[in-house]
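One structure is given below, encoded as structure tokens.
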DNA sequence: TCATTGTGAGTGAACGTTCACATTAGGCAG
DNA sequence: CTGCCTAATGTGAACGTTCACTCACAATGA
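Chains as they are written, first to last, in the working numbering: chain D, 1 to 194; chain W, 195 to 388.
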């Protein structure tokens, strides 16, 4: 029998590229097949449907990234070190695979519905981290949900700015600036370099 | 002749609601007509195409909001006051018309292509504000584009968190917190309450 | 009266998906 | 080693559905 794994990888790459460039709904199965260099029917040897492809592409990468963040948090002591490591990892991920990063950002709005609630989730990992920091008295801000949103915004908007050409890649050159800005944002009454 | 303006408003409302709830591409002209209580053909008495409806809905509201922000900035003296007024206005807009706010967020990725470059743009208004602050030495951070992204993130992610139910509305209750967080994020070496 | 507004069945194109058939390659008998 | 066998993989024309959009006609009201 032939090995279909190479074909599946070609589908992955074509799908990520086209989904990010044109949007999921705007990308047809014909588009995908042409970009991957296969026939339309071949896609259905590997995925039950187009939706299944999107959901699988999202869920597997989303959960894997959440796992990486969780592992990372365990290797650091103290909230500030964990935060810095998390920002660094997110930015490194963006720079290493911007297309995948943007795909996850793009479809998280719609794809999250098809992902099981108990699956690992980068946002909930971050939320747990902030909650821990609040409990341990390591940050002044007490609303963990607000703190999570702040950190998320300080990371994702610079990434978005790169997409629009308002900021120049790589994102990693802002790692220290953003980690420090997160820290200050979370500590309303403390000196910035506490 | 009959007055079509009421019909046009019904189309606006139906379109905003459905576009936000299901997405633009996932909303058909049949969906729009049914929600607005009109026939499909009627929509084409008011818009040349579905794309035209989206573009008009986006461009008019996007530019109007940018103008409001510009006016607001002129009424304040000093960067910090301007920043606080801007955050307050953005959050007020979100609370007064969350559907319109989310629509502008949702389609800004794709709709910006059809909007003339010289049109007023909320992001460029913010960028000019930050640039002015840098020039006047009112903030420590020197990269205006990075500062713009930071402020944008600190405003938009809390708004997004409300959509997902991670944060409770209204957004306005965070106005002071976020304005202060923006200020601290932009001032790496300064005391937080300078 | 007539320009404007409203109607909805109809149109061709594009969509996701299917299916009968072709191709491939590892296992296995001779 | 050779030559089938078979399951996996690849193919693309065809299918039914849905889509955005059109048009001949009706209704409205200044």
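Virtual Cβ for every residue (Gly too), placed ideally from N, Cα, C.
- With a cut-off of 8 Å on Cβ pairs, the stretch 50 to 61 of chain D is not in contact with the stretch 77 to 93 of chain D, counting fewer than three such pairs.
- Contact with chain D is found for residue 352 of chain W, since one of that chain's Cβ atoms lies less than 8 Å from the residue's Cβ.
- Taken through DSSP and simplified to helix, strand or coil, residue 115 of chain D comes out as coil.
- When DSSP states are grouped into helix, strand and coil, residue 143 of chain D belongs to the coil group.
- Check the Cα spacing between residue 162 of chain D and each of W:361, W:325, W:360, W:339: the tightest is with W:339.
- Between the stretch 40 to 47 of chain D and the stretch 82 to 101 of chain D, the count of C-beta pairs closer than 8 Å stays below three; the two stretches do not touch.
- Taking all protein chains shown into account, residue 341 of chain W has 16 or more neighbouring C-beta atoms within 10 Å of its C-beta and is therefore buried.
- For residue 316 of chain W, the enclosing alpha helix (DSSP H) begins and ends at 316 to 329.
- Three or more beta-carbon pairs drawn from the stretch 257 to 264 of chain W and the stretch 309 to 322 of chain W are found closer than 8 Å, and the two stretches are therefore classed as touching.
- Distance from the Cα of residue 105 of chain D is smallest, within the candidate group D:119, D:20, D:52, for D:20.
- With a cutoff of 8 Å on beta-carbon distance, residue 62 of chain D and residue 115 of chain D are scored as near each other.
- Closer than 9 Å at the C-beta level to chain D, one finds these residues of the stretch 325 to 351 of chain W: 335, 337, 339, 340, 342, 343, 344, 345, 346, 347, 348, 349, 350, 351.
- Close CB contacts of residue 186 of chain D within its chain, under the 6 Å cut and outside five residues either way in sequence, are with 139, 141, 147 (chain order).
- Secondary structure of residue 78 of chain D (DSSP, three-state): coil.
- Proximity to residue 23 of chain D across W:234, W:304, W:360, W:205 peaks at W:304, based on C-alpha coordinates.
- Per the C-alpha coordinates, the member of D:131, D:65, D:107, D:90 positioned closest to residue 156 of chain D is D:90.
- Relative to residue 92 of chain D, the option among D:188, D:16, D:175, D:27 whose CA is nearest is D:175.
- Residue 14 of chain D is positioned such that its CB atom lies closer than 8 Å to that of residue 35 of chain D.
- Check the Cα spacing between residue 143 of chain D and each of W:361, W:316, W:297: the tightest is with W:361.
- When W:224, W:288, W:315 are compared, the shortest CA-CA separation from residue 254 of chain W is found for W:315.
- With a threshold of 16 other beta carbon atoms within 10 Å, residue 224 of chain W falls short and is exposed.
- Its chain contains 95 as the residues whose beta carbon lies nearer than 6 Å to that of residue 170 of chain D, once the 5 sequence neighbours on both sides are disregarded; these appear in chain order.
- Less than 8 Å divides the Cβ of residue 211 of chain W from the Cβ of residue 293 of chain W.
- Rounded to whole angstroms, the gap between the alpha carbons of residue 2 of chain D and residue 132 of chain D is 50 Å.
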